[in-house]
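Structure first, commentary second.
In my numbering, the protein residues as written are -7 to 190.
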């Protein structure tokens, strides 16, 4: 059975014949996971990457004190993938948690080379997806380093306001590098000047 999600994604892959697209759309696994499900845990082997068709995945780790530190949120059109060149050799430094019911394409990294050998035209699409991921990560890091917590929050409102409706405030605070109490104070301070999402 052809999966419509995969079919739409493969339309972006130049060079694939209609027959190849049909075969891939029938064979690539698409799964739906419930809220709170972990796709990956810190310390586990990293064997799969995920393209998000619908939903939200939080990337975080536990520090030495056991506190959660949120690094990223992946939503529709994003790829949850580790960009470390030695990703298959080392345990994952992160957790990937579904913050809501999520439908994803599951990429098996252990047979990635076999698939690319069979469908070389996929290389361009995968490279494009990873480059987009890297670009977003670099932009996010630059913004984080060069901004105050208040500026980070305002930037989040302007660029990813949907997260404020989809993710608990304590996770937003962690993502911004502050405590939930600090975020609350920022929101109160800004609310006198702006209409902020609840």
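Idealized CB from N, CA, C, for every residue including glycine. This one's a predicted model, so the numbers in the text were calculated from it and none came from an experiment.
Contact check, residue i vs residue j, beta carbons under 8 Å
{"i": "residue 96", "j": "residue 45", "result": "yes"}
{"i": "residue 165", "j": "residue 155", "result": "no"}
{"i": "residue 158", "j": "residue 92", "result": "yes"}
{"i": "residue 10", "j": "residue 113", "result": "no"}
{"i": "residue 40", "j": "residue 52", "result": "no"}
{"i": "residue 162", "j": "residue 153", "result": "no"}
{"i": "residue 99", "j": "residue 42", "result": "yes"}
{"i": "residue 89", "j": "residue 30", "result": "yes"}
{"i": "residue 94", "j": "residue 58", "result": "no"}
{"i": "residue 117", "j": "residue -4", "result": "no"}
Delimiting residues of the beta strand (DSSP E) encompassing residue i
{"i": "residue 54", "result": "49 to 54"}
{"i": "residue 63", "result": "60 to 66"}
{"i": "residue 92", "result": "Here residue 92 belongs to no beta strand (DSSP E), and DSSP marks it neither H nor E."}
For residue i, the first and last residue of its enclosing alpha helix (DSSP H)
{"i": "residue 106", "result": "104 to 110"}
{"i": "residue 3", "result": "Residue 3 -> no alpha helix (DSSP H), and no H or E assigned at all."}
{"i": "residue 172", "result": "172 to 183"}
{"i": "residue 125", "result": "114 to 138"}
{"i": "residue 166", "result": "161 to 168"}
{"i": "residue 145", "result": "141 to 152"}
{"i": "residue 80", "result": "Neither: residue 80 is in no alpha helix (DSSP H) and is coded neither H nor E."}
{"i": "residue 156", "result": "155 to 158"}
CB-CB length for residue i against residue j, believed under 8 Å
{"i": "residue 2", "j": "residue 13", "result": "5 Å"}
On the three-pair Cβ rule with 8 Å, is the segment 71 to 91 touching the segment 118 to 136? yes
For a minimum of 4 consecutive residues, which ranges assigned as the alpha helix (DSSP H) are wholly contained in the segment 13 to 52? none
Whether or not the segment 27 to 36 and the segment 84 to 91 are in contact is what I'm after, with contact meaning three or more pairs of Cβ atoms, one per stretch, closer than 8 Å; do they touch? yes
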